[in-house]
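> Residue numbers (the working numbering): 36 to 323.
Just so you know, even glycine gets a beta-carbon here, dropped at the ideal spot from N, CA and C.
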Amino acid sequence: MEISIIGGDLRTVKLIKLLAQDKNKIKAWGFENCEELLDFEKKNDNLKIHNNLDEALQNQIIIGPTPFTKDRKYICTHYTNQKLEIQTLANKIRDKLLIGGSVPAEILEQIETIDILKDERLVILNAISTVEGTIEIAIKETQKNLYNSNILIIGYGRIGKILVDRLTAFKANVYCSARGKDITWIEAYGSKSIKYEELNKKIDMFDIIINTVPVLILNKKRLELLNKNTLLIDVASAPGGIDFEVARQLNIKTIWALGIPGKIAPISSAEYIKETIYNIIKERNDNK
């Protein structure tokens with residue numbers, strides 16, 4: 036296949052190498068500062084790194100980054116000094132197929148787009164990577180064992196469920212706070228639950244709080260109730276679930292850990308994304 040790849044993080048670097056090793060012809064933009072890819076390009080004729088965007092966009096299949104954007108204006112890039120507005124890219128690829136992760140709705144309306152983060156298998160695999168990275172952060176930042184630590188997980192979606200399972204295996208004292216029917220599921224699996232409305236009464240008991248919900252849960256009132264030695268980790272997408280400015284003012288250690296899969300397990304993440312892309316393209320071709 037002939038594929039154009041525009042922007043991305045370390046997992047995109049690994050993805051480019053995997054695709055090129057599979058004999059795909061790759062045109063890449065946004066990587067002129069990436070020594071790993073520049074070295075790889077010298078050894079593999081299937082990769083061409085372009086500084087000129089139009090030259091990089093000559094193929095019909097365009098792969099964008101995951102996540103596609105952090106500010107809804109610019110494409111996520113880590114290895115270039117150039118900035119690329121989302122709308123500028125969209126204007127140049129009207130007749131092409133765009134594949135990316137968390138692509139803004141306005142782009143979905145303009146061009147043929149497949150959002151890989153709507154693929155359930157990839158989402159679950161990404162959640163596993165996120166959980167493992169979160170555990171790494173928790174141990175590193177507290178410099179303590181998780182054993183016997185009091186840990187609160189906010190939210191019981193894919194990441195929340197896996198976090199509860201993994202942290203319980205470490206013999207931590209794990210609680211999970213959620214709404215409605217999720218409380219029943221938490222209790223059905225033998226975990227300890229706290230309803231959101233009861234959070235204020237118990238929030239000062241935790242050594243670590245991990246938020247997975249992209250809605251403000253840890254507001255000023257709740258942050259003021261915290262033990263000031265509590266470590267806060269937010270793995271939710273923007274806008275997150277913590278009032279970061281208030282946490283800073285209260286001198287509470289807070290980490291907004293976005294894009295964990297690309298940082299702690301880029302090779303695994305790239306392998307998952309590659310297989311997802313192959314499946315997407317095969318299914319698309321079969322349906323033509």
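Which stretch, first to last residue, makes up the beta strand (DSSP E) that contains Y210?
Where Y210 is concerned, the enclosing beta strand (DSSP E) stretches over 208-213.
> For I41, which residues does DSSP report across the bridge?
According to DSSP, which records beta bridges pairwise, I41 is partnered with W64.
> Going by the DSSP bridge assignment, what does N185 pair with across the sheet?
Bridge partners of N185: N208.
> Residues in the same chain with beta-carbon distance under 6 Å from K52, minus the five sequence neighbours each way, listed in chain order, please.
Contacts found: F75.
> From G220 to G168, what distance separates their C-alpha atoms?
Here residue 220 turns out to be Trp, not Gly, going by the sequence shown. Their Cα atoms are separated by approximately 25 Å.
> So I316 is in the beta strand (DSSP E); what residue range does that whole segment cover?
Note, I316: premise wrong, no beta strand (DSSP E); alpha helix (DSSP H) at 301-321.
> How far does the alpha helix (DSSP H) with G168 in it reach, from first residue to last?
It spans 155-177 - the alpha helix (DSSP H) in which G168 sits, taken as one unbroken run.
> Note down, in chain order, each residue of its chain lying with its Cβ closer than 7 Å to the Cβ of V199, except the 5 sequence neighbours on either side.
Excluding sequence neighbours, V199 sits near I188, V209, C211, S226.
> Alpha carbon to alpha carbon, how far is D242 from S184? Give it in angstroms, no decimals.
Computed Cα separation, rounded: 6 Å.
> Between K77, W64, D80, which lies nearest to C111 when the distance is taken from Cα to Cα?
Checked all of K77, W64, D80; the closest Cα to C111 is W64.
> Taking L82 as part of the beta strand (DSSP E), name the residues at either end of that continuous run.
Its beta strand (DSSP E) spans residues 82-85.
> Enumerate in chain order the residues of its own chain whose CB-to-CB distance from N235 is below 8 Å, with the five nearest sequence positions on each side excluded.
Answer for N235: K256, R257, L260, listed in chain order.
> Roughly how many whole angstroms lie between the Cα atoms of V166 and I194?
Answer to the nearest angstrom: the Cα atoms are 7 Å apart.
> Where do the ends of the beta strand (DSSP E) carrying N246 lie?
First-last of the beta strand (DSSP E) with N246: 243-246.
> Rounded to whole angstroms, what's the CA-CA distance from A91 to D44? Just pull it up for me.
A91 and D44: Cα-Cα distance of roughly 17 Å.
> With a 10 Å radius around its C-beta and 16 neighbouring C-beta atoms as the bar for buried, classify R46 as buried or exposed.
Per the 10 Å Cβ criterion, buried.
> Quick one: using the 10 Å Cβ neighbour count with 16 as the cut-off for buried, is L143 buried or exposed?
When all chains shown are included, L143 counts as exposed.
> Output the boundary residues of the beta strand (DSSP E) element that contains I96.
Note, I96: beta strand (DSSP E), 96-98.
> Compute the distance between the beta-carbons of I172 and I268, then report whether it is under 8 Å.
Contact: yes.
> On the premise that G294 lies in contact with P139, defined as a C-beta separation below 8 Å, what is that separation, rounded to the nearest angstrom?
Actually they do not touch by this definition, with Cβ atoms about 17 Å apart.
> Ordered along the chain, which non-local residues of its own chain (more than five positions away) have a Cβ less than 7 Å from that of D217?
Closer than 7 Å at Cβ, skipping near neighbours: Y191.
> Can you give me the start and stop residues for the alpha helix (DSSP H) that K237 sits inside?
234-237 is the extent of the alpha helix (DSSP H) around K237.
> Under a Cβ-count criterion, where at least 16 other Cβ atoms within 10 Å of its own Cβ denotes burial, should K62 be classed as buried or exposed?
Classification for K62: buried.
> Note down, in chain order, each residue of its chain lying with its Cβ closer than 7 Å to the Cβ of G276, except the 5 sequence neighbours on either side.
So the qualifying residues of the chain are I189, N246, V248, P249, V250, L251, I252, L253, D269.
> Give the straight-line distance between the Cα atoms of Y224 and A300, rounded to the nearest whole angstrom.
Distance between the alpha carbons of Y224 and A300: 29 Å.
> Under DSSP, the beta strand (DSSP E) around L119 begins and ends at which residues?
Where L119 is concerned, there is no enclosing beta strand (DSSP E), given that its DSSP letter is neither H nor E.
> Please state the DSSP three-state secondary structure of E90.
Residue state, collapsed to three classes: helix.
> Tell me the residue span of the alpha helix (DSSP H) that contains E147.
Unbroken run through E147 is the beta strand (DSSP E), 147-150; no alpha helix (DSSP H).
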